[in-house]
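This note's numbering puts the first residue of the sequence shown at 2, with every later residue one more than the last.
Heads up: the structure comes next, in structure tokens.
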Amino acid sequence: MMNAENVLQRPTLVLNRRWTPIRTAPVQDAIGLVARGHAFIIEPESFETHDLVSWNDVSRVRARVGDALIRSPRLVLVPPEVILLTTYEGPGARAVVFSRKNLFKRDRYTCQYCGIQPGPEELTVDHVVPRSRGGVSSWENCVLACVECNKRKADRSPLQAGMKLRKAPKKPSWKSLVQVPTRDRRESWEKFLSRAYWEVELEP
Ligand SMILES: [Zn+2]
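In structure tokens, the structure reads:
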């Protein structure tokens, strides 16, 4: 049986107001969002939305012997598996931050010139227009390149180097960053994640 601390760290699937999965959050954070009125808990079978008080009622009916529950003086809660934000992307949501980590996600750990996936250690961040020629660090000017391609391209533009980008780099949307590792997935998430799969925008 899980202890209370583990329960609070379990992942909850976070949906935006349009029911699109945007990320996962530990149960502890998910409950905080619901408590502050920024989200509802979703009952995955019925799609009903609940606040903490009504989820408390559901939990008392649903809880089985041996279930890990979250207890406070007033509430007994089954750990939520899915929550729905009441604001579009949730409080404090910003555009996807331009970071190394997010760049790796956007380019799916793939060299944008030759298409190999040699592992994160063997990938570098390439400035399409080299910095020495005024290229800046941005979503539109940075791509992942394997060590070989980076060496070959050197301090030149792709055209000068005779190399072709597999696709034009651009700022990712929240949607394309939803990647839930299989080990973290819960059965109740599948229908929400497959919705996202069908709704995802395709490259023109
Ligand atoms: Zn390459």
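For each residue, glycine too, the CB sits at the ideal point set by N, CA and C.
Host beta strand (DSSP E) of residue 112 (start-end): The count along the sequence shown starts at 1 and reaches residue 112 at position 111. Unbroken run through residue 112: none, as it is neither H nor E.
Any 3 or more C-beta pairs closer than 8 Å across the region 119-132 and the region 147-166: yes
My understanding is that residue 157 touches residue 131, with C-beta atoms under 8 Å, so please give their C-beta distance in whole angstroms. On the sequence shown, position 156 is the one that residue 157 refers to. On the sequence shown, position 130 is the one that residue 131 refers to. So it is a contact: roughly 7 Å between Cβ atoms.
Just the Cα atoms here: how many angstroms apart are residue 40 and residue 153? Walking along the sequence shown from the start, residue 40 turns up at place 39. Walking along the sequence shown from the start, residue 153 turns up at place 152. Computed Cα separation, rounded: 50 Å.
Length of the line joining the Cα atoms of residue 165 and residue 141: Position 164 of the sequence shown, counted from the first residue, corresponds to residue 165. Position 140 of the sequence shown, counted from the first residue, corresponds to residue 141. When rounded, the distance between both Cα atoms is 15 Å.
Should residue 112 be counted as a contact of ligand 1 given a C-beta to heavy atom distance under 7 Å? Here residue 112 is taken as the residue at index 111 of the sequence shown, counted from 1. True, at least one ligand heavy atom lies under 7 Å from that Cβ.
Just to confirm, does residue 188 get its C-beta within under 7 Å of one of the non-hydrogen atoms of ligand 1? One-based indexing of the sequence shown puts residue 188 at position 187. It does not: the Cβ of residue 188 is nowhere closer than 7 Å to a heavy atom of ligand 1.
How would you label residue 2, buried or exposed, when you count the other beta carbons within 10 angstroms and need 16 or more for buried? Position 1 of the sequence shown, counted from the first residue, corresponds to residue 2. With a pLDDT of only 42 at residue 2, under the threshold of 50, the placement of this residue in the model should not be trusted; the figure read from the coordinates follows. Taking a 10 Å sphere around the C-beta of residue 2, we find fewer than 16 other C-beta atoms and assign the residue as exposed.
I'd like the list of long-range same chain contacts for residue 123, defined as Cβ closer than 7 Å, with 5 residues on each side in sequence excluded. Position 122 of the sequence shown, counted from the start, is the residue given in the question as residue 123. Result list for residue 123: 147, 148, in chain order.
Quick one: Cα of residue 17 to Cα of residue 101, how far? If you number the sequence shown from 1, residue 17 lands on position 16. If you number the sequence shown from 1, residue 101 lands on position 100. Roughly 25 Å between the two C-alpha positions.
Euclidean distance between Cα positions of residue 52 and residue 133: If you number the sequence shown from 1, residue 52 lands on position 51. If you number the sequence shown from 1, residue 133 lands on position 132. C-alpha separation (whole angstroms): 55 Å.
May I ask you to report which of helix, strand or coil DSSP gives residue 58? Translated into the one-based positions of the sequence shown, residue 58 becomes position 57. Three-state result, residue 58: helix.
Quick one: what's got a C-beta closer than 6 Å to residue 253's C-beta in the same chain, skipping five residues either side? Absent from the structure is residue 253, since the part of the chain shown begins at 2 and ends at 205.
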